[in-house]
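Enquirer: Quick one: the structure is below, and I'll ask about it shortly.
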């Protein structure tokens, strides 16, 4: 996928620009992103910088690493989906301002994506992002992932920075279909040890200029 040269520059920090990082990431994931969706990811980066960070949805120091640490890091979750067709439903637990769910909604425009977070402030920010991006395949729900009734279980349940793997894994099992898959953030520092039923997915170092790992849990 060659990004559209008309895309506006993205506030990506000192590393490679978002378009270059996306090209690396989608080559690895096998889920190419067309120029229109690349522009929407750029718009999401701008929104995070202009609205989410000032509102406290992300930390003030995140402005310098929006592209690699948040946008492309979110896209990488799609590389752990083991099937050739996109998941019909994706549930993002502890989504915060919408990551990785918003990025996955752009990677898979035919998937229905549900963002779940307990914080009213973050939920309002996520809803604002959905409006800014004009996404029709995203629902935002304010709920406690540990106790709330599961209205729409996911073919894929993802969680990026919602808590410890053991705790989040228990939440995710509640929200996944019986044959659904779970992908959680792993580590940016060292290869984590897999838990029961887990597989560690290694993202090559040349994607983000450093290794990244994801935790994948097969159907129960």
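Numbering (the numbering used here), first residue to last: 2 to 221.
By construction, the Cβ of each residue, glycine as well, lies at the ideal position given by its N, Cα and C atoms.
My understanding is that residue 117 touches residue 144, with C-beta atoms under 8 Å, so please give their C-beta distance in whole angstroms.
Expert: Indeed they touch by this definition, with Cβ atoms about 5 Å apart.
Enquirer: Pairs of beta-carbons, one from the region 67 to 77 and one from the region 100 to 108, closer than 8 Å: are there three or more?
Expert: Contact between the region 67 to 77 and the region 100 to 108 is present, because at least three Cβ pairs lie under 8 Å.
Enquirer: Are residue 208 and residue 81 closer than 7 Å when you measure CB to CB?
Expert: Against a cut-off of 7 Å, the Cβ pair of residue 81 and residue 208 comes out as no contact.
Enquirer: Closer than 6 Å by C-beta to residue 109: which residues in its own chain qualify, once you throw out the five before and the five after it? Chain order, please.
Expert: Correct list, in chain order: 87.
Enquirer: Does residue 102 come out as helix, strand or coil in the three-state DSSP assignment?
Expert: It is helical.
Enquirer: Do residue 126 and residue 53 have their CB atoms nearer than 7 Å?
Expert: Against a cut-off of 7 Å, the Cβ pair of residue 53 and residue 126 comes out as a contact.
Enquirer: Output needed for residue 130: all residues of its chain with C-beta closer than 7 Å, excluding positions within five of it in sequence on either side, in chain order.
Expert: The residues are 45, 48, 98, 99 and 103.
Enquirer: How many whole angstroms separate the CB atoms of residue 216 and residue 166, which I take to be in contact at a CB cut-off of 8 Å?
Expert: With a Cβ gap of about 6 Å, residue 216 and residue 166 count as contacting.
Enquirer: Which first and last residues belong to the beta strand (DSSP E) in which residue 177 is found?
Expert: Residues 177 to 188.
Enquirer: Rank 148, 70, 83 and 84 by C-alpha distance to the C-alpha of residue 213 and give the top, closest one.
Expert: Per the Cα distances, 70.
Enquirer: Excluding five sequence neighbours on each side, which residues of the same chain lie with their C-beta closer than 6 Å to the C-beta of residue 113?
Expert: If we look at residue 113 and ignore the five residues flanking it on each side, its Cβ neighbours are 90 and 138.
Enquirer: Label residue 123 either buried or exposed according to how many other C-beta atoms from any shown protein chain fall within 10 Å of its C-beta, with 16 as the threshold for buried.
Expert: It is buried - the Cβ of residue 123 has at least 16 other Cβ atoms within 10 Å.
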